[in-house]
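Step one of this worksheet: look at the structure below.
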Amino acid sequence: MIEHVATQGWAGPIGMVGMSYYCWSQWNAARTKPPHLVTIAAFDGATDMYRDWMYHGGIPIQGFLNSWLYGSVILEHMGEGLSITNHGRGQILSRMYEHPFDDAWQRRRSPFWELDQVDIPVLSIGAWGKASLHLRGNFEGYRLVKGPKQLLITGAQTFAEAQLLYFNEEFHRAEVLPWYDHHLKGRDNGVMDRPQVRFFVQGEGATLGAPDWPPPDATIAEFHLSGAKSGHEQSLNDGSLIAERPAADGGATSWTYPDPKWMAGVTTMDKQGVPHHTARVVTFTSQSFDQDREFTGQGVLHLFASSDQTDMDVMVKLSLLPGDPEKPPSIRVSQGWLRASHRAEDPELTTEMRPFLRHDRAEPIAPGEAYEFRIELIPMSVLVAKGERLRLEISNWESAITEAPMTHWYGQKVGTDTYHHDAAHPSRLRLHERPRSIAAEKVPK
2 MIEHVATQGW AGPIGMVGMS YYCWSQWNAA RTKPPHLVTI AAFDGATDMY
52 RDWMYHGGIP IQGFLNSWLY GSVILEHMGE GLSITNHGRG QILSRMYEHP
102 FDDAWQRRRS PFWELDQVDI PVLSIGAWGK ASLHLRGNFE GYRLVKGPKQ
152 LLITGAQTFA EAQLLYFNEE FHRAEVLPWY DHHLKGRDNG VMDRPQVRFF
202 VQGEGATLGA PDWPPPDATI AEFHLSGAKS GHEQSLNDGS LIAERPAADG
252 GATSWTYPDP KWMAGVTTMD KQGVPHHTAR VVTFTSQSFD QDREFTGQGV
302 LHLFASSDQT DMDVMVKLSL LPGDPEKPPS IRVSQGWLRA SHRAEDPELT
352 TEMRPFLRHD RAEPIAPGEA YEFRIELIPM SVLVAKGERL RLEISNWESA
402 ITEAPMTHWY GQKVGTDTYH HDAAHPSRLR LHERPRSIAA EKVPK
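Here the working numbering runs 1 ahead of the position in the sequence shown, where the first position is 1.
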């Protein structure tokens, strides 16, 4: 299509724009390197179909397919009088589940594997609220392409906010139009003088700039999981995040599933029907911070865990707890997922702060044996102000309320999992942290 348009007399330099599915189309078009494609503005779109949304950590997605495939595709086609049994409509569901590993079928649909050949200008735009669907793809797309590039991560907190932002004319005039004016019309408008990376800092409400991602000035902070009570959370264990490595052996937290009090995924409800999202999961919460700290970049959870089963799922969520009645009680900062049998890492693509899983086979675990799992956390940026806390939630499922529509297939899981956190098994959360004296320079709107 791009090359066809290029032959028309009315056509000028060609660029692409689009959100979600239409952003995937941009990544896929760019990977084929059509000669007349000049630039793309990739708004909110995955690049690795397997890792970004089909199989988080090897765990199959379920909820999104109900809302997207049936709500946005099949039922819309029915309303237009189109057949839903012909022309392959709806087959993506069965095909996806027929390919539980990162095989040739998956890679054919994942531009990730060829984006390092893309050398046209790319503007990659993501939203913190799309961490479980597109956000990782916008970071990876930015990292891989080789031409002039910029990354912008907006503060949109939900799927709806991200969609509304895309349809906001003022946003396009401020961000996308200058990019096109420069790369398609040759206007010297200063757009390339912007910081190469701009990102909204959750908890602060400001947009900061950096020369790359992760920011080169980032160091690594560690928080160890501890069985000591935080005194702050109503959860299965109310554990703590502490700075020091535990000195004693024997610390562990065990829990049995499915929990009889789960009602909407892991969410339970009191007698008045008020939902509680953490009462029936494992949590580790920090004490109140004694100074402002900004965590911007990558994150990874080193979790020592065992199960009485031959496989186990781990889903983690990191949240900011503002403690201010004028703010939400918690703000999601990042998430991560892992199916234990998919724990094998690709040594060529793994880094210290970003484990890259192979997903090419299932390797069962031995019941009762503790393993060290490295769980990738989706990139983040958050200011934890003095007096605020961080909370880590761990379970093998998620809330059907807070995580919809990106919920996962639970299946028939029954068992007991144990998270070890002692001197011999130093489970810990590692986050990139920026010095506030450098990071506090805000980018003008």
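The beta carbon of each residue, even a glycine, is placed where N, CA and C say it ideally should be.
Once the 5 residues before and after S21 are set aside, which same chain residues still bring their CB inside 7 angstroms of it? Counting from 1 along the sequence shown, the entry for residue 21 is found at position 20. So the list reads D45, G46, H135, once near-sequence residues are dropped.
Are three or more beta carbon pairs between the segment 258-272 and the segment 395-409 nearer than 8 angstroms? yes
Per DSSP, what kind of secondary structure is S68 in: helix, strand or coil? Translated into the one-based positions of the sequence shown, residue 68 becomes position 67. Reduced to three states, the DSSP call for S68 is helix.
Could you check what DSSP says for L237 in three-state terms: helix, strand or coil? The residue you call residue 237 lines up with position 236 of the sequence shown. The answer is coil: DSSP assigns L237 none of H, G, I, E or B.
Just to confirm, is the Cβ distance from W256 to I60 under 7 angstroms? Sequence index remark: in the sequence shown, residue 256 carries index 255 (1-based). Sequence index remark: in the sequence shown, residue 60 carries index 59 (1-based). No, the Cβ-Cβ distance between W256 and I60 is not below 7 angstroms.
Could you spell out where the beta strand (DSSP E) holding E223 opens and where it closes? Translated into positions along the sequence shown, residue 223 becomes position 222. Run containing E223: 220-227, per the beta strand (DSSP E) assignment.
Would you identify the three-state DSSP class for V6, choosing helix, strand or coil? By 1-based counting over the sequence shown, the position of residue 6 is 5. In the structure shown, V6 sits in a helix (DSSP, three-state: H, G or I).
Pick helix, strand or coil for H100, following the three-state DSSP scheme. Walking along the sequence shown from the start, residue 100 turns up at place 99. Three-state DSSP puts H100 in coil, outside helix and strand.
Locate the beta strand (DSSP E) running through D418, then write down its first and last residues. By one-based count along the sequence shown, residue 418 stands at place 417. It spans 416-421 - the beta strand (DSSP E) in which D418 sits, taken as one unbroken run.
Going by alpha carbons, who is nearest to L209 out of S382, I3, R32? Counted from its first residue, the sequence shown places residue 209 at position 208. Measuring from the Cα of L209, the nearest candidate turns out to be S382.
Do A157 and L166 count as a contact pair if the criterion is CB distance below 7 angstroms? Here residue 166 refers to the residue found at position 165 when the sequence shown is read from its first residue. Here residue 157 refers to the residue found at position 156 when the sequence shown is read from its first residue. A157 is positioned such that its CB atom lies closer than 7 angstroms to that of L166.
For L432, collect the residues of the same chain with a Cβ closer than 6 angstroms to its Cβ; drop the 5 residues on either side in sequence, then sort them by chain order. By 1-based counting over the sequence shown, the position of residue 432 is 431. Same-chain partners within the cutoff: A222, F296, G300.
For L350, which three-state DSSP category applies? Here residue 350 refers to the residue found at position 349 when the sequence shown is read from its first residue. The answer is coil: DSSP assigns L350 none of H, G, I, E or B.
Given the structure, does E394 come close to the ligand NAD, in the sense that its CB is under 6 angstroms from one of the ligand's heavy atoms? Looking at this structure, you won't find the ligand NAD or any other ligand, since it has none at all.
Select from T254, P149, M270 the residue whose C-alpha is nearest the C-alpha of P261. For the purposes of this step, residue 261 is taken as residue 260 along the sequence shown, with counting starting at 1. Here the closest residue by C-alpha is M270.
Do three or more CB pairs link the segment 285-294 to the segment 342-354 at distances below 8 angstroms? No contact exists between the segment 285-294 and the segment 342-354.
Which residues does DSSP pair with A306 in a beta bridge? As a position in the sequence shown, residue 306 is number 305, starting the count at 1. The partner list for A306 (beta bridge, DSSP) reads Y372, Y420.
Distance check for V283 and G148, CA to CA, integer angstroms please. To locate residue 148, count along the sequence shown from 1; it is residue 147. To locate residue 283, count along the sequence shown from 1; it is residue 282. So the alpha carbons of these two residues sit roughly 44 angstroms apart.
Would you identify the three-state DSSP class for A440, choosing helix, strand or coil? Counting from 1 along the sequence shown, the entry for residue 440 is found at position 439. For A440, the predicted structure reports a pLDDT of 46, less than 50, and the residue's modelled location is therefore unreliable. A value from the coordinates is still provided. It is helical.
Assess contact between the segment 405-420 and the segment 347-365, defined as three or more Cβ pairs (one per stretch) separated by less than 8 angstroms. Is contact present? no
Counting only the same chain and skipping the five closest in sequence on each side, list residues whose C-beta sits under 7 angstroms from that of M316. For the purposes of this step, residue 316 is taken as residue 315 along the sequence shown, with counting starting at 1. Beyond the five residues adjoining it in sequence on each side, M316 comes within less than 7 angstroms, by CB distance, of W338, S396, N397, W398, E399 in the same chain, given in chain order.
Nearest residue (CA-CA) to P374, options I85, L302, H57: For this step, residue 374 is matched to residue 373 along the sequence shown. The question names Pro, yet the displayed sequence has Phe at residue 374. Among I85, L302, H57, the Cα nearest to that of F374 is on L302.
For L237 and L226, believed in contact at Cβ under 8 angstroms, the rounded distance: Here the question's residue 226 lines up with position 225 in the sequence shown. Here the question's residue 237 lines up with position 236 in the sequence shown. Incorrect: roughly 14 angstroms between the Cβ atoms, too far for contact.
Separation of I93 from G80, as counted between CA atoms: By one-based count along the sequence shown, residue 80 stands at place 79. By one-based count along the sequence shown, residue 93 stands at place 92. Distance between the alpha carbons of G80 and I93 is about 20 angstroms.
How long is the line joining the alpha carbons of Q336 and R392, rounded to whole angstroms? To locate residue 336, count along the sequence shown from 1; it is residue 335. To locate residue 392, count along the sequence shown from 1; it is residue 391. For Q336 and R392, the distance between alpha carbons rounds to 12 angstroms.
Check whether the segment 419-427 and the segment 239-253 are in contact - that is, three or more C-beta pairs closer than 8 angstroms. yes
For Q63, I'd like the list of residues in its chain whose CB is within less than 7 angstroms of its CB, leaving aside the five on either flank, ordered along the chain. Working through the sequence shown from its first residue, we reach residue 63 at position 62. Same-chain partners within the cutoff: T408, H409, W410.
To which residues does DSSP link F296 through a beta bridge? As a position in the sequence shown, residue 296 is number 295, starting the count at 1. V383, per the DSSP bridge assignment.
G210: first and last residue of the uninterrupted beta strand (DSSP E) it sits in: Sequence index remark: in the sequence shown, residue 210 carries index 209 (1-based). Where G210 is concerned, the enclosing beta strand (DSSP E) stretches over 207-211.
Spatial neighbours of S231 in its chain, beta-carbon cut-off 6 angstroms, leaving aside the 5 residues before and after: As a first step, residue 231 must be located in the sequence shown, where it is residue number 230. D239, S241, T286.
Are at least three pairs of beta-carbons, each pair with one atom in the segment 28-43 and one in the segment 109-125, less than 8 angstroms apart? yes
Express the C-alpha separation of F224 and A128 in angstroms, rounding to a whole number. Along the sequence shown, one-based indexing puts residue 128 at 127. Along the sequence shown, one-based indexing puts residue 224 at 223. Between A128 and F224, the C-alpha separation is close to 26 angstroms.
On the DSSP letters alone, give me the boundaries of the beta strand (DSSP E) that M79 sits inside. For this step, residue 79 is matched to residue 78 along the sequence shown. Element bounds for M79: not the beta strand (DSSP E) but the alpha helix (DSSP H), 76-80.
Quick check on the DSSP output: the beta strand (DSSP E) that includes K328 runs from which residue to which? Translated into the one-based positions of the sequence shown, residue 328 becomes position 327. From DSSP, K328 is part of no beta strand (DSSP E); its letter is neither H nor E.
Spatial neighbours of G138 within its chain, please: CB distance less than 7 angstroms, with the 5 preceding and 5 following residues excluded, ordered by chain position. Numbered from 1 along the sequence shown, position 137 holds the residue referred to as residue 138. The answer, listed in chain order, is G46, A47, T48, D49, D53.
So, for D213: in the same chain, excluding its five sequence neighbours on each side, which residues have a beta-carbon less than 8 angstroms away from its beta-carbon? Numbered from 1 along the sequence shown, position 212 holds the residue referred to as residue 213. In its chain, beyond the 5 residues on either side, Q197, V198 have a beta carbon closer than 8 angstroms to the beta carbon of D213.
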